[in-house]
Every structure is written in structure tokens, then in C-alpha cells.
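Everything on this sheet refers to the single structure shown next.
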Amino acid sequence: MANNVCDSLIKQNIAKNCLEPMIQGVERTAYIINRKDIDFGNVSFVEGFTNQISALPLLQGKKAYTIEQYGATPYSGSSIAIAPSSQGGQATSTISFVVPSNSPAMHENVIDPLFDGEFVVILENKAKGLRDEQNPGASAFQVFGYWQGLTLAESTKELYNDETLGGFPVTLVEQKAPKSAMFLNAGSYEATKAMVESLLVVAE
Amino acid sequence: MTVEQAISMCREWIGRPHASLSATDKKKVERLYSDVLGKHIRKCNCTNRYEDAVAEIYHYLKRGGKMREKSAYILKSGVVIQPKGSSQVYTNDNLTDEVAAAFLLERPNAAGLFVYIPQPTATEEVSPVITKKRRRK
Chain D
-15 MANNVCDSLI KQNIAKNCLE PMIQGVERTA YIINRKDIDF GNVSFVEGFT NQISALPLLQ
45 GKKAYTIEQY GATPYSGSSI AIAPSSQGGQ ATSTISFVVP SNSPAMHENV IDPLFDGEFV
105 VILENKAKGL RDEQNPGASA FQVFGYWQGL TLAESTKELY NDETLGGFPV TLVEQKAPKS
165 AMFLNAGSYE ATKAMVESLL VVAE
Chain G
-19 MTVEQAISMC REWIGRPHAS LSATDKKKVE RLYSDVLGKH IRKCNCTNRY EDAVAEIYHY
41 LKRGGKMREK SAYILKSGVV IQPKGSSQVY TNDNLTDEVA AAFLLERPNA AGLFVYIPQP
101 TATEEVSPVI TKKRRRK
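Taken in order, these protein sequences are the chains called D and G. For the first sequence, the numbering used here gives the first residue as -15, with consecutive numbering after it. For the second sequence, the numbering used here gives the first residue as -19, with consecutive numbering after it.
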């Protein structure tokens, strides 16, 4: 479906898919990438779409890392806010998670790099759109931080917080992104899942 | 590594409990699992996943299995290939030279999705775009 994405015209009916109703929430495993490790020159998109990435190659020697969260509402506090602007609108994405470890290695390798790094996070939605007629499975893997990068918002660790149990809550924010959402779609849910998992392995 | 060497490595590990495997041993098991079976050890917190992996490798090779033939082509992380008309998805775990070459013939501008593209043989049909990328390498 070819779209002139700059014409600000609605091109689809607004209704739910009764074959697969909306479900809130995301899966417990997410993926985080150092944004500078993405090979932007070779990122490819699904034909006819500006928000579906069909290949997200990383630079040689680089890999993504997993984020594991626990409980019934992982990444609670995460959100997307959209607002108009004179140049076409802006989206602000917020990703919240708890680093469930206070080890020196976790501080050295994860928390300290958050101070000034830029990141891309992939969440897997529970509403995967597996029965979507046009793009089955294309709703599953959503990308945050692709355009501007996710950067650290001020985060505070409370030693006696019952929710975090001494873990470090982290909030990453992407501001002024030009799209309301970005997705990964390698052609099917299975292919996209394989693509996401290949991010975790250094290609050699 | 030969099949005999791989079996010999497995014999060192078989029967050893998870806790006795050092971090180095675990890395070796992961590498061997990938080299022999072309896939990765399951990601879970199961304490016996390395023991299971060693047993799986050992029995596969004893049943006449061969070491996995790795493709000479290497995809970048974050890239999969799904040939037109096929539901099979290829990653570096299961990519073959034939699939990679056919993919590049069909989509010569996709060379940037590969970390490495081998030099062509004398009879191999190659797109000029790929030839140019190889020369730059």
C-alpha cells in the first residue's frame, strides 16, 4: 500500500479487528541496542511503508542485549505521547524498566553507560496482529528510539521501595520522533522473531 | 574440528553436573553446540541446559551426524533472508551458500546486509554490484 505520508490524510477505517481483539501489555523480554551500533546505511523498510523495518543490521562485531522484567505488568510506565507541531507532529516515547541487580558489573556495564548513551529498545507486544489480513504479525515487535535515540531521564533508586526491592528503576525517553510508532516486520511473525534473536549474536 | 574431536570433548563433560562446568567450559559447549547443530543453546535459567546440550551433541554425532557445514556467506546481526515464494527463514544458523548466492542474484543491492561475501568461483554467476563490493573489501 503506497502512501503519501506527508499529505496528512486518513486512509483507513478506524475499527478493531474482531478476529484478534486488542490486548494491553508487552512480553517480559525486551531487547536493547546501542544506537550507534546500528548500520543505518543498510536498514531496509517494507515496501510501501515508512514505519515497518524489514532488516535492522548491526555494524560488524556488535550485538543487542536482552532486558528481562518480571511480574504481571513488565515495563509498566512505558508510553507514547503524540502532539502536533508545525512540521508534522512529534512523538515522545518513554520506556521504563527496573535493573534488578545491584552488582558492580551491572553498574559498570549497564547503569553507567545509560548516563550519556543513546539506545534503541524493541518491545514485543502481546497484541501481535497474527490474524491481520494485510501484515500478519507486523504488530508484534515495536521499536523505540530509532529516530532520535532513547536517552536517560532522571531516575532515582530507593533502597526500601517495595516495588523495586533495591533494584534501579530506569526511564529512557525519545523525544520529537517524526512517527507515532515503528515496527519490525521481516515478512511474518516467525521471520521477525528470528531476526530479533539474530540481533543477540555477533555475526562472525 | 573433526567429529572425533567433538566427541572427545563431549566425553570430558558428560556426567559432570552443571555447577562443575567453568565459564570457559560453558563457552566451549555453546560454541560446539552451534558448530555441530547449527543452533544456540536454549535461553532459560534451567540449571541442566548445558548438560542437555552436551548430551544432544554427543548422541547426534554418535548417530552418524556430521559437523554443520557453515556457509561462507555471513549475514549481519539483525538480518534474515526469506527467499521469494518460500516460508523458510534463513539466519547465520542455517544459511547455505546456495541460498545466499541466489538471494544476492535476485537482490544485488542487498550486499550491505552481509558481513562477508566470499570470492566467486570461476563458474559462479555474480552480479556486477557484488563484484564491486568484493573488490572494495
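For every residue, glycine included, the Cβ atom is placed at its ideal position computed from N, Cα and C. Nothing here was measured: the structure is a model prediction, and the numbers come from that model.
Please report how far the alpha carbon of Leu143 (chain D) lies from the alpha carbon of Val105 (chain D), in whole angstroms. 27 Å
Which runs of the beta strand (DSSP E) fall wholly inside the segment 97 to 162 of chain D and span at least 3 residues, in chain order? 103 to 108, 125 to 128, 135 to 137 and 152 to 161
Using a Cβ-Cβ cut-off of less than 7 Å, list which residues of the segment 22 to 33 of chain D approach chain G; keep chain order. Asp23, Gly25 and Asn26
Would you mind working out which of D:Tyr173, D:Gly25 and D:Gly55 sits nearest Glu147 (chain D), comparing C-alpha positions? D:Gly55
Could you tell me the alpha carbon to alpha carbon distance between Arg115 (chain G) and Glu78 (chain G), rounded to whole angstroms? Because the pLDDT of Arg115 (chain G) is 44, which lies under 50, any placement of that residue in the model is unreliable, and the question is left without a value.
For the segment 149 to 179 of chain D, enumerate the residues whose C-beta is nearer than 7 Å to any C-beta of chain G, in chain order. Ala170, Gly171, Glu174, Ala175, Ala178 and Met179
Against chain D: residues of the segment 44 to 58 of chain G by CB proximity under 7 Å: Ile54, Leu55, Lys56, Ser57 and Gly58
Contact with chain G by Ser201 (chain D), beta-carbon distance below 9 Å: There is no way to answer for residue 201 (chain D), as the model of chain D reaches only from -15 to 188.
Is the distance from the Cβ of Asn26 (chain D) to the Cβ of Gly92 (chain G) below 9 Å? yes
Taking 8 Å as the cut-off, does the segment -6 to 11 of chain D touch the segment 73 to 81 of chain D (at least 3 CB pairs, one atom from each stretch)? no
Taking beta-carbon pairs under 8 Å, can you tell me which members of the segment 65 to 93 of chain D lie near chain G? none
If we ignore side chains and look at the alpha-carbon of each, how far apart do Ala138 (chain G) and Tyr130 (chain D) end up? Residue 138 (chain G) lies beyond the residue range present for chain G, which begins at -19 and ends at 117; the question has no answer from this structure.
Once DSSP output is grouped into helix, strand and coil, what is the label at Gln99 (chain G)? coil
Which listed residue (D:Lys160, D:Asp100 and D:Ala111) has its alpha carbon closest to that of Glu138 (chain D): D:Asp100
Compare the C-alpha of Ala124 (chain D) against each of D:Asn145, D:Met179 and D:Ala48 and name the closest. D:Met179
Taking Cβ positions, are Arg(-4) (chain G) and Tyr38 (chain G) nearer each other than 9 Å? no
Nearest CA to the CA of Gln118 (chain D): which residue from D:Thr34, D:Gly171 and D:Val186? D:Gly171
At least 3 beta-carbon pairs within less than 8 Å: the segment 153 to 166 of chain D vs the segment 22 to 37 of chain D: yes
So, for Ile95 (chain D): in the same chain, excluding its five sequence neighbours on each side, which residues have a beta-carbon less than 8 Å away from its beta-carbon? Val83, Phe152 and Val154
Own chain partners of Asp23 (chain D) with C-beta closer than 7 Å, once the 5 adjacent residues on each side are dropped: Pro41, Leu42 and Leu43
State the DSSP-derived secondary structure class of Tyr38 (chain G), mapped to helix, strand or coil. helix
Give the secondary structure of Leu207 (chain D) by DSSP, where H, G and I count as helix, E and B as strand, and everything else as coil. Lying outside -15 to 188, the shown extent of chain D, residue 207 (chain D) is not represented and no answer is given.
Within-9 Å CB hit, Gly92 (chain G) to chain D: yes
Segment limits, alpha helix (DSSP H) that includes Met179 (chain D): Tyr173 to Ser182
At a CB-CB cut-off below 8 Å, which residues of chain G make contact with Gln44 (chain D)? Lys56 and Val95
Note down, in chain order, all residues in the segment 55 to 84 of chain G with a beta-carbon under 7 Å from any beta-carbon belonging to chain D. Leu55, Lys56, Ser57, Gly58, Val59, Val60, Gln62, Val69, Thr71 and Asn72
By DSSP, does Glu31 (chain D) sit in helix, in strand, or in coil? coil
Would you kindly check if the distance between the Cβ of Gly133 (chain D) and the Cβ of Phe103 (chain D) is under 9 Å? yes
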